[in-house]
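The next block holds one structure in the form of structure tokens; read it before the comments.
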Amino acid sequence: MTNTFGISQSLQKIGIKPENLGSSTGINWLDSVETSFSSFSPADGELIAKVQPANTETYEAVIAQAHLAFEKWRTVPAPQRGEIVREIGNALREVKEDLGKLVSYEMGKSYQEGLGEVQEMIDICDFAVGLSRQLYGLTIHSERPGHRMYEQWHPLGIVGIISAFNFPVAVWSWNAALAWVCGDVCVWKPSEKAPLSAVACQHIVGKIFAQHGMPEGISSLIIGDHQVGELLSHDPRVPLVSATGSTRMGKLVAKAVGERLGRSLLELGGNNAIIITENADLDIAIRGALFGAVGTAGQRCTTTRRLIIQESVYEEVKTRLASAYSKLVIGNPLDERNHVGPLIDRDAVESYLAAIDKVKAEGGKAVVDGGVLGGKGFESGCYVKPAIFEAENHFEIVQHETFAPILYLIKYKTLAEAIALQNGVPQGLSSAIMTTNMREAEAFLSAAGSDCGIANVNIGTSGAEIGGAFGGEKETGGGRESGSDAWKAYMRRQTNTINYSTSLPLAQGIKFDI
Ligand code: NAD
């Protein structure tokens, strides 16, 4: 895909060497280009790039190229595909600082979290390399004499990847690294709010595929807004669409893909809670809740949005949290002294302010009030104060995911009540309990406990490792990505029965003799 884009001087200003992140394979790092798509940094409001979005014609060209690439790629033995993914992981190691900085600058998360995001990409490449020798199928004993049965896994074809702004590169790599070793090719539509990080990744992997004489189209990039995502969802040539983003978007993608009986893998919104019991180690609980609630300025799908606190420790937790919030330093995400960076854009700031108005109107009481920061260093207008409100679980606003650092405190008496509150939201992504009591922990993890895809004990709701399957239930969409056996979503299963006898017995003992 030949997306042309412009890059302003602003990247060099923050110390990124553009040549490390892109220069060839159809990508031009130019200083000005006549295009219609702009990317601004929420850190300082600077224009970072202008990007050429795909139209129907370029989309068709990309899909045709991906289809041709699949015909070759699926015949490359899986361990050899893994070897190429190993090199992609190594290439990412080389550019970790630059790419991490770009992610931080374009999206607004802290530099440390930007580095963490690139590390996650490296980790999933390593995982995929091992997986490339472990795409196991079962052997099954046949009921018929002289017969053998087994299952094998084949690649699906083109995997469409629609990603959200908040993990602009890692979520793509979770999908792509697995899909590639499985023999699929990927067409990626990144968030229109963070296109430049995606362009850099496409360049990095494109170079590796080219070095191995592999066709273009194993990794493709199409930039654009929801309309380009809709092209993917409706396209029967794309057997799997993996979509990460809001529940609203997921419902539309599920409908479009479902109508053509394709497969969708959905990673949608969360409304994550930590239960803090009377047996919690409060030092751990406060630290876990703090990072969970304000990390990435509350813009993680796994952000802690609700704290469900036993009444006997409620006041202490509230006071200690308020004190911890008073020490938070808000500012430019590239300055490592700052804990909290900006929201992605001014629309996100409006949603944050609307949520605060709403919780107050519903009867919520501010423990730490919110507000927008102005003045020197905050010119982008995207910096807000992390806020805490005492609230009730049934408030309409508490039932919703607001993608901002707003934490709701909810009081409970019994553990059964706490679990019911934790589960009493439409979303089902991540959850945690803080307790040193084994019975409480096991009750939370039992079938009658948390209904989420992720349930933790004595750690917060965010910060998953790639080794486990990642995803959630209910309105979070039910998809699983990354580790464990998530790879199976990227392949089709084939059951093979082989007759090596000299007769033809039928299954279930059916007689059909002439
Ligand atoms: P969003 O839904 O606005 O956009 C996500 C992506 O979907 C973008 O690339 C967008 O262009 C595309 N899109 C929008 N409408 C579409 C449509 N009708 N058809 C096809 N594509 C469409 O989400 P966002 O604001 O970028 O990200 C924040 C949301 O993502 C939050 O809800 C967050 O919880 C969720 N998220 C979930 C996970 C997870 O793993 N569960 C991970 C990251 C983010």
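For what it's worth, the numbering used here labels the leading residue of the sequence shown as -15, then goes sequentially.
All C-beta atoms, glycine included, are put in the ideal place defined by N, C-alpha and C.
Only a predicted model underlies this, so the values are computations on that prediction, with no experimental measurement involved.
So, is Leu216 buried or exposed, given that buried needs 16 or more other C-beta atoms within 10 angstroms?
Working through the sequence shown from its first residue, we reach residue 216 at position 232. The residue is buried, with at least 16 neighbouring Cβ atoms inside 10 Å.
Among Gly433, Lys349, Gly365, which one has its Cα closest to the Cα of Tyr392?
Counting from one through the sequence shown, the residue named residue 392 turns up at place 408. Closest by alpha carbon: Lys349.
Distance cut-off 7 Å: Leu413 Cβ against heavy atoms of the ligand MG
This structure does not include the ligand MG; its bound ligands are the ligand NAD.
Measure the beta-carbon distance from Ile68 to His196 and round it to whole angstroms, keeping in mind my assumption that it falls under 8 Å.
The residue you call residue 68 lines up with position 84 of the sequence shown. The residue you call residue 196 lines up with position 212 of the sequence shown. Here Ile68 really is in contact with His196; their C-beta atoms are around 6 Å apart, less than 8 Å.
Would you call the segment 276 to 285 and the segment 243 to 263 in contact, with 3 or more CB pairs under 8 Å?
Counting Cβ pairs under 8 Å, three or more are found: they touch.
So Ile394 is in the beta strand (DSSP E); what residue range does that whole segment cover?
Reading the sequence shown from its first residue, position 410 is the one you call residue 394. Ile394 -> beta strand (DSSP E) spans 390 to 396.
Whole-angstrom distance between Gly114 and Arg58, CA atom to CA atom:
Mapped onto the sequence shown, residue 58 falls at position 74. Mapped onto the sequence shown, residue 114 falls at position 130. Approximately 18 Å, taken between the alpha carbons.
With Phe111 and Gly447 assumed to form a contact (beta carbons below 8 Å), what rounded beta-carbon distance in angstroms separates them?
Along the sequence shown, one-based indexing puts residue 111 at 127. Along the sequence shown, one-based indexing puts residue 447 at 463. Their Cβ separation, rounded to whole angstroms, is 17 Å, which puts Phe111 and Gly447 out of contact at 8 Å.
Over the uninterrupted beta strand (DSSP E) stretch that includes Gln136, give me the two end residues.
Numbered from its first residue, the sequence shown carries residue 136 at position 152. Note, Gln136: beta strand (DSSP E), 131 to 139.
Could you name each continuous beta strand (DSSP E) segment of 3 residues or more that falls completely within the segment 213 to 249, going from the start of the chain to the end?
224 to 228
If you count every other CB in all the chains shown that lies within 10 Å of the CB of Lys34, and 16 or more means buried, which is it?
Against the sequence shown, residue 34 aligns to sequence position 50. Result: buried.
Is Glu320 helix, strand or coil by DSSP?
Stepping through the sequence shown from its first residue, residue 320 is reached at position 336. Three-state result, Glu320: coil.
Can you tell me where the beta strand (DSSP E) with Arg477 in it begins and where it stops?
Here residue 477 refers to the residue found at position 493 when the sequence shown is read from its first residue. It spans 475 to 483 - the beta strand (DSSP E) in which Arg477 sits, taken as one unbroken run.
For Ser434 and Pro199, what's the separation of their Cα atoms in angstroms?
As a position in the sequence shown, residue 434 is number 450, starting the count at 1. As a position in the sequence shown, residue 199 is number 215, starting the count at 1. Distance between the alpha carbons of Ser434 and Pro199: 46 Å.
Glu251 beta carbon near the ligand NAD (any heavy atom closer than 7 Å):
Position 267 of the sequence shown holds residue 251. Yes, Cβ of Glu251 sits closer than 7 Å to a heavy atom of the ligand NAD.
Beta-carbon contacts of Ala425 that lie in its chain and below 7 Å, excluding the five residues immediately before and after:
Position 441 of the sequence shown holds residue 425. For Ala425, where only same-chain residues beyond five positions count, the Cβ hits under 7 Å are Ile417, Thr419, Val441.
Check whether the Cβ of Asp219 lies closer than 7 Å to any heavy atom of the ligand NAD, and answer yes or no.
Residue 219 sits at position 235 when you count from the first residue of the sequence shown. No, since every heavy atom of the ligand NAD falls outside the 7 Å radius drawn around the Cβ of Asp219.
In this structure, does DSSP put Ile100 in helix, strand or coil?
Position 116 of the sequence shown, counted from the first residue, corresponds to residue 100. One detail in the question is off: residue 100 reads as Gly in this sequence, not Ile. Reduced to three states, the DSSP call for Gly100 is helix.
For the alpha helix (DSSP H) containing Ile47, name the first residue and the last one.
Start at 1 with the first residue of the sequence shown, and residue 47 comes out as number 63. Counting along the chain, the alpha helix (DSSP H) containing Ile47 begins and ends at 40 to 57.
Cβ of Ile206 within 8 Å of Cβ of Val46?
For the purposes of this step, residue 206 is taken as residue 222 along the sequence shown, with counting starting at 1. For the purposes of this step, residue 46 is taken as residue 62 along the sequence shown, with counting starting at 1. Yes, the pair counts as a contact, with Cβ atoms nearer than the cut-off.
Can you give the beta carbon distance from Pro389 to Val324, rounded, assuming they're within the 8 Å contact cut?
Locating residue 389 in the sequence shown gives position 405, counting from the first residue. Locating residue 324 in the sequence shown gives position 340, counting from the first residue. Cβ atoms of Pro389 and Val324 come within 8 Å of each other, at about 7 Å.
Report buried or exposed for Tyr95, applying the criterion of at least 16 other Cβ atoms within 10 angstroms of its Cβ.
In the sequence shown, counting from the first residue as 1, residue 95 sits at position 111. Counting Cβ neighbours within 10 Å, Tyr95 comes out buried, since at least 16 surround it.
Straight-line Cα distance separating Thr42 from Val382:
The sequence position of residue 382 within the sequence shown is 398, counting from 1. The sequence position of residue 42 within the sequence shown is 58, counting from 1. Between the C-alpha atoms of Val382 and Thr42 there is a straight-line separation of about 42 Å.
In angstroms, rounded to a whole number, what distance separates the CA positions of Gly234 and Ala227?
Reading the sequence shown from its first residue, position 250 is the one you call residue 234. Reading the sequence shown from its first residue, position 243 is the one you call residue 227. Answer to the nearest angstrom: the Cα atoms are 7 Å apart.
Neighbour-count burial assignment, Tyr474, 16 or more Cβ in a 10 Å radius
Locating residue 474 in the sequence shown gives position 490, where the first residue counts as 1. The residue in question, Tyr474, is buried, as its Cβ has 16 or more Cβ neighbours within 10 Å.
In the DSSP assignment, the alpha helix (DSSP H) including Asn407 goes from what residue to what residue?
Position 423 of the sequence shown, counted from the start, is the residue given in the question as residue 407. Looking at the DSSP string, the run of the alpha helix (DSSP H) that includes Asn407 is 399 to 407.
Rounded C-alpha distance that separates His384 from Glu376:
The sequence position of residue 384 within the sequence shown is 400, counting from 1. The sequence position of residue 376 within the sequence shown is 392, counting from 1. Going by C-alpha positions, His384 is about 13 Å away from Glu376.
Beta strand (DSSP E) containing Cys366: first to last residue?
On the sequence shown, residue 366 is found 382 positions in, with the first residue counted as 1. Note, Cys366: premise wrong, no beta strand (DSSP E); not H, not E.
State the DSSP-derived secondary structure class of Tyr288, mapped to helix, strand or coil.
Your numbering for residue 288 matches position 304 in the sequence shown. Rather than Tyr, the amino acid found at residue 288 in this sequence is Thr. Residue state, collapsed to three classes: strand.
On the criterion of 16 or more Cβ atoms from any shown chain inside 10 Å, does Glu104 qualify as buried, or is it exposed?
Sequence index remark: in the sequence shown, residue 104 carries index 120 (1-based). When all chains shown are included, Glu104 counts as buried.
Cβ-based burial, Ala38 [other Cβ within 10 Å; buried from 16]
Position 54 of the sequence shown holds residue 38. Buried: at least 16 other Cβ atoms inside 10 Å.
DSSP three-state label for Gln(-4), please.
For the purposes of this step, residue -4 is taken as residue 12 along the sequence shown, with counting starting at 1. Helix, per DSSP.
The segment 75 to 82 touching the segment 169 to 176, judged by at least three CB pairs closer than 8 Å
no
Hey, out of Lys472, Ile142, Tyr134, whose CA is closest to His51's CA?
In the sequence shown, residue 51 corresponds to position 67, counting from 1. Minimum Cα distance to His51 is reached at Ile142.
State buried or exposed for Tyr89, treating a residue as buried only when at least 16 other CB atoms are found within 10 Å of its CB.
Working through the sequence shown from its first residue, we reach residue 89 at position 105. Per the 10 Å Cβ criterion, buried.
Rounded to the nearest angstrom, what separates Ser296 and Ala238 at their Cα positions?
Against the sequence shown, residue 296 aligns to sequence position 312. Against the sequence shown, residue 238 aligns to sequence position 254. Spanning the two alpha carbons is a distance of roughly 44 Å.
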